[in-house]
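Each residue of the sequence shown is one higher than the one before, counting from 1 in UniProt numbering. Built from N, CA and C at the ideal position, the CB exists for glycine as well.
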Amino acid sequence: MEAPLQTEMVELVPNGKHSEGLLPAAAPTVDNQRVEGPRQSCVEGEGFLQKSPSKEPHFTDFEGKTSFGMSVFNLSNAIMGSGILGLAYAMANTGIILFLFLLTAVALLSSYSIHLLLKSSGIVGIRAYEQLGYRAFGTPGKLAAALAITLQNIGAMSSYLYIIKSELPLVIQTFLNLEEKTSDWYVNGNYLVILVSVTIILPLALMRQLGYLGYSSGFSLSCMVFFLIAVIYKKFHVPCPLPLNFANITGNFSHGEVIEEEVQLQVNEAAAFCSPNYFTLNSQTAYTIPIMAFAFVCHPEVLPIYTELKDPTKRKMQHISNLSIAVMYVMYFLAALFGYLTFYDGVESELLHTYSKVGPFDVLILCVRVAVLTAVTLTVPIVLFPVRRAIQQMLFQNQEFSWPRHVFIATSLLTCINLLVIFAPNILGIFGVIGATSAPCLIFIFPAIFYFRIVPTEKEPARSTPKILALCFALLGLLLMTMSLSFIIIDWVSGNSRHGGSH
Ligand SMILES: NC(=O)C[C@H](N)C(=O)O
């Protein structure tokens, strides 16, 4: 890859975590009402996005260098993450048609919310999500946005560590040629996740600058493409029902003489199990919107990517967003469809883990596991950077850089996330809670209310169609959030979760 391209890439952090996203960039706005002070010299990772001092990043005079194509790549990278692993489960609980309808709706709404963000930022010349919050509602607005981003990133990190907890034991089991899972510590996900956190993630998270870690953004995206190809390939090579499922659904295989009707019944049951549902509703359907919302979150990265764009215009950035969302929409649908059509109702909330039913020694699945594990392990420290920065911004705003504080925040964050992952029964809880709280805030509620406040009434009166639409959008977000949260809580209380994949 050419040097200039690399420079552009390194400025972005994968899974939507831009290194500058949480900075109070010293961007004096056009009509200078609520603008934050100059950037703190103590901000970590400064070298990660070095600009010449004469060219203080300003939305209007900042000279972006990133091409259209590279921006599509960067934004796709920001969208794509662990969310893709939960979508097949969502399809199993909605049916193909309802899933397609909901996925389309979330993708379209996501694109509309980017439109709101771009329009608001165009008016005030701001290039970070929190700053829009600050501009709209002052410090509470900024804190709310920072909190939602922090929560979203903590959710993303937890889901990554959860993947380590569930997949690493399987990889080790395969390498050690163990047919059955033993109780040894080296195949215990909880120990392994702590081990990986301490030996790999913590040292990387302690770095002051991200440096080359930024390059792994492209790597994670390639791993997910590899994962998708494997899912499609496996659909045509994994039998349905799996011997395990068949035994489960028919139950009494070995009981005495099997009379002809029983055989027929079993065949019918197997056929019913292995035919797709087009429209289903059950208690787990409540997780669908949160999983999809989680999967489409990239909104904190849109403005930084816009700032980096060459010859930026709102229209161009909207095209970039629409294209990235469209590409991810296709990938998400294919992964969900083929994952579902491989296991049908037997699919687990973390699709990759479901392949352990196929057989522990499958080479293709082993390679996918190793690739995904490497990608998520490298992504955790990158996602941790903006969270630490947000915490520093919120709690230690005007203080110099301090190593003890730097180390303390990273260690505490990792400890909390480890505990969360060890005690979380499955990844669905993470997708559910984050997808029902911070994701709707970042996608629906905040862009709409920020827009409502930021666009001046002289330009668009409060009762103008775009503003009323924006308010309806915020209300829709609030409704989805309340509904999803209530259904998830009801599901927990009634304890009838049927998802697999716990360890
Ligand atoms: N960027 C994020 O916060 C989550 C990402 N959309 C994912 O699916 O993992």
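Check: Can you have a look at Gly45 and say buried or exposed, based on whether 16 or more other CB atoms are within 10 angstroms of its CB?; Outcome: Bear in mind that a pLDDT of 39 at Gly45, under 50, signals an unreliable position, so the number given afterwards is only what the model happens to contain. Answer is buried; the Cβ neighbour count reaches 16.
Check: Leaving out the 5 sequence neighbours to the left and right, which residues in its chain are closer than 8 Å to Tyr191 when beta-carbon positions are compared?; Outcome: Trp185
Check: Run through DSSP, which three-state label would Val307 get?; Outcome: In the sequence on display, residue 307 carries Thr and not Val. DSSP places Thr307 in helix when its eight states are reduced to three.
Check: Out of Ile291, Gly141, Cys223, point me to the one whose CA is closest to Phe431's CA.; Outcome: Ile291
Check: Let me know the secondary structure DSSP gives Pro38 once reduced to three states.; Outcome: Residue placement at Pro38 is flagged as unreliable, the pLDDT there being 36, under the threshold of 50; the coordinate-derived value follows with that caveat. Residue state, collapsed to three classes: coil.
Check: Could you tell me if the beta carbon of Ile79 falls within a distance shorter than 7 Å of some heavy atom in ligand 1?; Outcome: yes
Check: Can you check DSSP and say which residues form a bridge with Thr354?; Outcome: For Thr354, which the question treats as bridged, DSSP gives no partner whatsoever.
Check: Are the beta-carbon atoms of Tyr287 and Gly95 separated by less than 8 Å?; Outcome: no
Check: Using only the alpha-carbon positions, how far apart do Leu228 and Met331 sit?; Outcome: 7 Å
Check: Just the Cα atoms here: how many angstroms apart are Leu476 and Ile172?; Outcome: 45 Å
Check: Are Ser356 and Ile427 touching if we call contact CB-CB under 8 Å?; Outcome: no
Check: Can Ser120 and Leu414 be called in contact, C-beta distance under 8 Å?; Outcome: no
Check: Taking Ala230 and Val368 to be in contact with their CB atoms under 8 Å, please state how far apart those CB atoms are, rounded to whole angstroms.; Outcome: 5 Å
Check: Between which residues of its own chain and Ala90 is the CB-CB distance below 6 Å, once the five residues before and five after are set aside?; Outcome: Thr288, Ile291
Check: Let me know the secondary structure DSSP gives Thr482 once reduced to three states.; Outcome: helix
Check: With burial defined as no fewer than 16 other Cβ atoms inside 10 Å of the residue's Cβ, what is the status of Asp491: buried or exposed?; Outcome: buried
Check: Can Gln152 be considered in contact with ligand 1, in the sense that its beta carbon sits closer than 7 Å to one or more heavy atoms?; Outcome: yes
Check: Could you work out which residue in Pro304, Leu108, Cys223 is closest to Gly122 when comparing CA atoms only?; Outcome: Pro304
Check: Does the segment 136-154 come close enough to the segment 430-445 that 3 or more CB-CB pairs lie under 8 Å?; Outcome: yes
Check: Give me, in chain order, the residues of the same chain whose beta-carbon lies closer than 6 Å to that of Glu130; leave out the 5 immediate sequence neighbours on both sides.; Outcome: Lys142, Ala145, Ala146
Check: Drop a sphere of 10 angstroms on the beta-carbon of Arg388, count the other beta-carbons inside from all chains shown, and report buried for 16 or more, exposed for fewer.; Outcome: buried
Check: Is it true that the CB of Val106 sits closer than 8 Å to the CB of Phe296?; Outcome: yes
Check: Should Gly346 be listed as close to ligand 1, given that the test is whether its C-beta is under 7 Å from any heavy atom?; Outcome: no
Check: Taking all protein chains shown into account, do 16 or more other C-beta atoms lie within 10 angstroms of the C-beta of Lys234, making it buried, or fewer, making it exposed?; Outcome: buried
Check: In or out: Phe487 buried (at least 16 other Cβ within 10 Å) or exposed?; Outcome: buried
Check: Relative to the alpha-carbon of Leu373, which residue among Asn188, Leu116, Phe219, Ile97 has its alpha-carbon at the smallest distance?; Outcome: Phe219
Check: Under the criterion of a Cβ to heavy atom distance below 7 Å, does Gly83 qualify as lining ligand 1?; Outcome: yes
Check: At a cut-off of 7 Å, would you count Val171 as near ligand 1, judging by its Cβ distance to the nearest heavy atom?; Outcome: no
Check: In the DSSP assignment, find the alpha helix (DSSP H) that holds Arg369 and state where it starts and stops.; Outcome: 363-395
Check: Ends of the alpha helix (DSSP H) at Ser71?; Outcome: 68-79
Check: Would Leu195 pass as an interface residue toward chain C - the criterion being a Cβ-Cβ separation below 8 Å?; Outcome: Any reference to chain C falls outside this structure, which holds one protein chain only.
Check: Counting C-beta neighbours from all protein chains within 10 Å, is the total for Ser275 16 or more, i.e. buried, or is it exposed?; Outcome: exposed
Check: Pick from Leu161, Leu352, Pro243, Cys298: whose alpha carbon is nearest that of Ala336?; Outcome: Leu352
Check: For Leu485 and Ala293, what's the separation of their Cα atoms in angstroms?; Outcome: 13 Å
Check: Among the candidates Ser76, Gln318, Tyr112, whose CA atom is the shortest distance from the CA of Lys446?; Outcome: It is Phe, not Lys, that sits at residue 446 in the sequence shown. When each option's Cα is compared against that of Phe446, the closest is Tyr112.
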